[in-house]
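S.K.:
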Amino acid sequence: MNVLSLCDEKSAIVPQNATVEDAVKVMNACHVGAVVVADDNGRLAGIFTERDVLV
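Take 10 as the starting number for the sequence shown in our numbering and just add one per residue.
Written as structure tokens, this is what we have:
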């Protein structure tokens with residue numbers, strides 16, 4: 010899957026089983042400070058932010 014395919018003008022989304030590295034790659038590619046984490050049904054499972062990486 011291409012990281013840029015997960016970006017749109019409104020949000021960046023990663024699957025619930027994404028690694029921290031995956032989430033950071035999506036944030037960098039989409040030029041955002043947070044990504045939405047979605048479960049297998051596409052529902053909101055959480056939000057992962059830049060601050061989560063720093064802690």
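All C-beta atoms in this analysis are idealised placements derived from N, C-alpha and C, irrespective of residue type, glycine included.
Would you identify the three-state DSSP class for Ala47, choosing helix, strand or coil?
M.R.: Here residue 47 is taken as the residue at index 38 of the sequence shown, counted from 1. The DSSP-derived three-state label of Ala47 is strand.
S.K.: Under the assumption that Val46 contacts Gly55 (Cβ atoms under 8 Å), give the Cβ distance between them as a whole number of angstroms.
M.R.: The residue labelled residue 46 in the question sits at position 37 within the sequence shown. The residue labelled residue 55 in the question sits at position 46 within the sequence shown. Yes, Val46 and Gly55 are in contact; Cβ-Cβ is about 4 Å, under 8 Å.
S.K.: Which residue spans inside the segment 18 to 44 form an unbroken beta strand (DSSP E) run of at least 3?
M.R.: Entirely contained in the segment 18 to 44, the beta strand (DSSP E) runs reaching 3 residues are, in chain order, 22 to 24.
S.K.: Taking DSSP's pairing of strands, which residues face Leu53 in a bridge?
M.R.: Walking along the sequence shown from the start, residue 53 turns up at place 44. Bridge partners of Leu53: Ala47.
S.K.: Roughly how many angstroms separate the alpha carbons of Ile22 and Val62, rounded to a whole number?
M.R.: As a first step, residue 22 must be located in the sequence shown, where it is residue number 13. As a first step, residue 62 must be located in the sequence shown, where it is residue number 53. Going by C-alpha positions, Ile22 is about 16 Å away from Val62.
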